[in-house]
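These notes are about the structure you will find just below.
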Amino acid sequence: MLQDILINWSPQETRVAIVENGAVQELHVERTLERGLVGNVYLGKVARVLPGMQSAFIDIGLERAAFLHVADVWQRQPDGEAPPFVRSSQPQVPIEKQVFEGQSLMVQVIKDPIGTKGARLSTQISVAGRLLVFLPQDDHLGVSQKIPAAQRDALRTRLQELVGKEGGGFILRTNGEDANDTELAEDIAYLRKTWARIRDAATRLPATSLLHQDLSLLQRVLRDLVSEETQTIRIDSKEQHAVLAAFGREFMPSAAERLSLYKGERPIFDLFNIDDEIQKALGRRVDLKSGGYLIVDQTEALTTIDVNTGGFVGARNFDDTIFKTNLEAAQGIARQLRLRNLGGIIIVDFIDMVREDHRDAVLAEFRKQLGRDRTKTMAGGFSQLGLVEMTRKRTRESLAHMLCEPCDACKGKGIVKTARSVCYDILREILREARQFDPREYRIVASPKVVELFLDEESQHLAGLSDFIRKPISLQSESAMGQEQYDIVLL
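Residues in the sequence shown are numbered from 0 upward in steps of one, following this note's numbering.
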């Protein structure tokens with residue numbers, strides 16, 4: 000499927016949209032003050048070791064201490080053992096025998112801080128290049144599993160000859176499958192030079208220092224997001240176009256050929272109504288072309304997606320209506336997962352289908368659409384309750400978490416008490432205060448809607464309470480207050 004990449008750059012923010020067949024499929028946002036940490040290498044300091052959890056907290060100079068689990072502590076594998084990133088069959092050495100409090104430790108971020116959780120670390124350092132990933136602590140030579148098995152042995156042999164006896168492990172990335180020896184040798188030299196700079200910095204800088212920062216989003220566009228299907232890469236900044244073109248000519252010549260400067264008068268994201276799509280991706284409801292719709296709810300533990308027929312009644316019978324809605328929903332859900340960057344456990348509640356062939360067809364379409372996702376996904380079949388359980392690897396914040404924050408009025412609940420409920424809370428609070436204090440008068444300061452209700456439908460209850468406590472109660476409207484907010488002033 001042909002795709003275009005649009006880059007909207009400003010000093011404070013870089014936004015990248017991947018458009019396929021005229022529709023936005025992915026959105027990547029990097030803010031100058033909130034740049035992601037994955038790939039960064041730090042000289043950390045062990046703050047605390049927790050033997051019971053087989054983990055340690057490492058201070059790397061961030062607001063929250065980062066987390067290191069024993070499974071992410073590098074151990075040299077015996078010859079013939081599983082390659083790096085694959086769990087070894089060798090017994091794991093307890094973490095308290097590998098690290099100690101106050102120790103300086105070179106670590107790499109493998110997962111950004113999310114919510115209240117700190118960054119996740121590994122002591123297995125890897126440096127990514129255009130064609131290869133360098134593993135300086137290992138001697139293993141590997142080839143991406145996405146490359147056909149028949150080609151892997153030949154590629155591994157070529158890699159062995161190019162690496163020579165200087166040591167270090169390398170993994171050939173998918174886009175290195177067709178690279179020639181010169182390109183591979185240049186990437187090997189670049190990665191070794193980068194590692195030498197990291198080691199030198201580790202000997203000069205104090206603990207909690209940043210030793211190496213991963214590429215910016217602009218540079219990662221050329222390294223990671225460009226594929227054979229990419230037709231054009233358009234950027235709206237003349238200055239950044241020059242920087243990116245120079246970077247591309249040095250490391251990714253084929254990708255740089257597709258790079259162009261956008262000179263149109265309209266904002267580049269207006270070409271495909273991308274800002275409108277972003278706004279829709281922040282809402283709960285996603286309308287489908289047929290008249291059906293999705294409801295997307297993101298929680299701390301998991302994300303739920305509910306499919307509804309809505310106003311779609313175009314098929315010949317009810318079963319066909321449900322089937323066609325579910326088929327369209329399968330495509331829409333896969334797109335929303337990419338666009339919103341939803342990760343972790345995801346539960347999809349398709350509309351119940353009676354026929355087994357319909358369920359199989361919907362599941363096949365869903366898996367087909369998920370197969371286009373560059374992020375790893377895994378989807379099961381329909382459960383006994385008719386739900387589809389799936390997972391999508393989470394490596395960074397979702398779009399909603401990046402662009403939004405909890406509402407001050409509802410504190411993230413998504414709902415607020417009705418004005419009548421707030422009125423009754425206020426009446427109970429005044430009664431409680433009357434038992435403890437003896438003021439001359441009570442004054443209620445509340446939102447206009449609550450005050451209006453006290454003056455109208457709840458006026459009898461307010462007067463009754465005033466008679467009961469034998470004190471006057473006055474009202475003051477405050478437009479700046481949320482519906483649940485109020486003050487009771489004792490005069």
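Here a beta-carbon is modelled for each residue, glycine too, at the ideal position from N, C-alpha and C.
Those residues which DSSP pairs with residue i across a bridge
{"i": "T376", "result": "R391"}
{"i": "W73", "result": "Paired residue(s): none; W73 is not in a bridge."}
{"i": "V353", "result": "Bridge partners of V353: none, in fact."}
{"i": "R284", "result": "I294"}
{"i": "N307", "result": "Y292"}
{"i": "M105", "result": "L42"}
{"i": "A16", "result": "L5 and L26"}
{"i": "T302", "result": "Q297 and I345"}
{"i": "Y441", "result": "I472 and L489"}
{"i": "R417", "result": "According to the sequence as given, residue 417 is Thr; it is not Arg. Note: T417 sits in no beta bridge, so no partner."}
{"i": "V132", "result": "A127 and I170"}
Rounded C-alpha distance that separates residue i from residue j
{"i": "L454", "j": "S420", "result": "15 Å"}
{"i": "E104", "j": "F169", "result": "Correcting the residue type first, residue 104 is Leu in the shown sequence and not Glu. Roughly 23 Å between the two C-alpha positions."}
{"i": "S289", "j": "V361", "result": "16 Å"}
{"i": "E483", "j": "A408", "result": "7 Å"}
{"i": "D78", "j": "L402", "result": "Residue confidence for D78 is low, a pLDDT of 49 falling below 50, so the modelled location carries little weight; the figure read from the coordinates is stated next. About 47 Å."}
{"i": "R248", "j": "V98", "result": "43 Å"}
{"i": "T298", "j": "S397", "result": "11 Å"}
{"i": "T324", "j": "D486", "result": "50 Å"}
{"i": "D359", "j": "D177", "result": "37 Å"}
{"i": "K116", "j": "L452", "result": "43 Å"}
{"i": "A55", "j": "V48", "result": "4 Å"}
{"i": "G51", "j": "G380", "result": "36 Å"}
{"i": "N174", "j": "Q239", "result": "24 Å"}
{"i": "R14", "j": "T193", "result": "27 Å"}
{"i": "L489", "j": "P438", "result": "6 Å"}
{"i": "K470", "j": "L464", "result": "9 Å"}
{"i": "Q136", "j": "R366", "result": "37 Å"}
{"i": "V106", "j": "M480", "result": "47 Å"}
{"i": "S382", "j": "F268", "result": "40 Å"}
{"i": "I6", "j": "A16", "result": "7 Å"}
{"i": "P64", "j": "L204", "result": "Note on identity: in this sequence residue 64 is Ala, with Pro being the wrong assignment. Rounded to the nearest angstrom, the two C-alpha atoms are 19 Å apart."}
{"i": "I113", "j": "V37", "result": "12 Å"}
Proximity to residue i [Cα-Cα], best of the options
{"i": "A118", "options": "T173, P90, F99 and I57", "result": "I57"}
{"i": "D71", "options": "R63, Q123 and L281", "result": "Q123"}
{"i": "D213", "options": "S226, A245 and V132", "result": "V132"}
{"i": "G167", "options": "A149, A445 and L190", "result": "L190"}
{"i": "I187", "options": "A127, L260 and Q278", "result": "A127"}
{"i": "R391", "options": "A153, D199, R203 and N340", "result": "N340"}
{"i": "G43", "options": "Q102, T308 and K448", "result": "Q102"}
{"i": "D424", "options": "V449, K410 and K412", "result": "V449"}
{"i": "L217", "options": "R203, L67 and E29", "result": "E29"}
{"i": "V108", "options": "K145, P147, F66 and N316", "result": "F66"}
{"i": "V306", "options": "E440, I294 and E62", "result": "I294"}
{"i": "N39", "options": "Q435, L209 and A153", "result": "L209"}
{"i": "I468", "options": "Y41, R157, E440 and P447", "result": "E440"}
{"i": "E256", "options": "L221, H400, A363 and S215", "result": "L221"}
{"i": "L120", "options": "Y41, R151 and E100", "result": "Y41"}
{"i": "S476", "options": "A445, E456 and A462", "result": "A445"}
Any C-beta of chain B under 8 Å from that of residue i
{"i": "E100", "result": "Within the model displayed, chain B is absent; a lone protein chain is all it includes."}
Buried or exposed (CB count within 10 angstroms, at least 16 for buried), residue i
{"i": "S236", "result": "buried"}
{"i": "S458", "result": "exposed"}
{"i": "D111", "result": "buried"}
{"i": "E25", "result": "buried"}
{"i": "A81", "result": "The predicted model places A81 with a pLDDT of 43, which falls under 50 and marks its position as unreliable; any figure quoted below should be read in that light. The residue is exposed, with fewer than 16 neighbouring Cβ atoms inside 10 Å."}
{"i": "G163", "result": "exposed"}
{"i": "Q2", "result": "buried"}
{"i": "A418", "result": "buried"}
{"i": "A333", "result": "buried"}
{"i": "Q91", "result": "exposed"}
Coil, strand or helix - residue i by DSSP
{"i": "T31", "result": "helix"}
{"i": "L61", "result": "coil"}
{"i": "T156", "result": "helix"}
{"i": "Q278", "result": "helix"}
{"i": "L384", "result": "coil"}
{"i": "K237", "result": "helix"}
{"i": "F322", "result": "helix"}
{"i": "G500", "result": "Outside the shown range of the chain (0 to 490) lies residue 500, about which nothing can therefore be said."}
{"i": "E80", "result": "Caution applies to E80, whose pLDDT of 45 falls short of 50 and renders its modelled position unreliable; the value that the coordinates give is listed next. Looking at E80 - three-state DSSP - the assignment turns out to be coil, as it is neither helix nor strand."}
{"i": "F56", "result": "strand"}
{"i": "A479", "result": "coil"}
{"i": "K367", "result": "helix"}
{"i": "A360", "result": "helix"}
{"i": "G168", "result": "strand"}
{"i": "S125", "result": "coil"}
{"i": "V37", "result": "coil"}
{"i": "H496", "result": "Residue 496 lies beyond the residue range present for the chain, which begins at 0 and ends at 490; the question has no answer from this structure."}
{"i": "V48", "result": "strand"}
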